[in-house]
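Residue numbers (the UniProt record's numbering): 1 to 179. Inspection log for the structure reproduced underneath, given as structure tokens.
Below, the structure written as structure tokens:
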């Protein structure tokens with residue numbers, strides 16, 4: 001029998017959520033997928049609700065804190081370079097379905113909705129900070145446009161549309177930075 005961590009369960013739940021929605025995140029099918037008994041799950045989580053809570057933390061950490069860390073480490077001190085890096089990373093990850101699945105879940109459940117709203121505020125605030133640091137005019141307005149464009153990209157990719165071309169993503173970042 002494989003020895004799994006709580007993180008293994010959360011990653012499996014994230015894959016299931018992205019593929020089939022929150023209703024598909026169930027202990028028994030996840031245990032079968034992972035090749036373990038349900039007892040392995042209960043070693044790490046008291047119940048499904050705890051797994052769903054951990055899944056929201058994972059979404060927050062991987063999709064926000066992790067991305068911000070990547071941007072800050074890779075792009076240095078130049079805010080324009082950081083904005084371009086952020087936009088490219090965010091649009092590159094739009095096809096994974098995880099963010100869209102969390103948002104669909106948030107449309108149905110208050111706990112997920114609260115976390116999504118909090119994370120949206122953090123993400124937009126980071127964009128505003130980058131735009132402010134780059135001395136772009138109307139940083140709040142431009143951050144909102146960039147972020148909502150990204151959310152539209154998530155929705156379109158989830159529905160099967162092709163990815164926005166990289167030159168269009170760069171043009172969006174250039175527009176946001178323009179004076």
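Glycine residues also receive a C-beta, built at the ideal position from the N, C-alpha and C atoms.
Item, Value
"For the segment 133 to 152 and the segment 53 to 60, state whether three or more C-beta atom pairs, one from each stretch, are separated by less than 8 Å.", "no"
"On the CB-based measure, 16 or more other CB atoms within 10 Å of its CB, does residue 154 come out buried or exposed?", "buried"
"Counting C-beta neighbours from all protein chains within 10 Å, is the total for residue 107 16 or more, i.e. buried, or is it exposed?", "exposed"
"Report yes if the CB atom of residue 142 is closer than 8 Å to the CB atom of residue 176, and no otherwise.", "yes"
"So residue 150 is in the alpha helix (DSSP H); what residue range does that whole segment cover?", "139 to 158"
"Residue 171: buried (16+ other C-beta within 10 angstroms of its C-beta) or exposed?", "exposed"
"What is the DSSP secondary structure of residue 166, counted as helix, strand or coil?", "helix"
"Quick one: Cα of residue 76 to Cα of residue 69, how far?", "11 Å"
"Along the alpha helix (DSSP H) that carries residue 40, what are the first and last residues, could you check?", "38 to 44"
"By the 10 Å Cβ neighbour count, where 16 or more other Cβ atoms means buried, how is residue 112 classified, buried or exposed?", "buried"
"Does the separation of the CB atoms of residue 18 and residue 84 fall below 8 Å?", "no"
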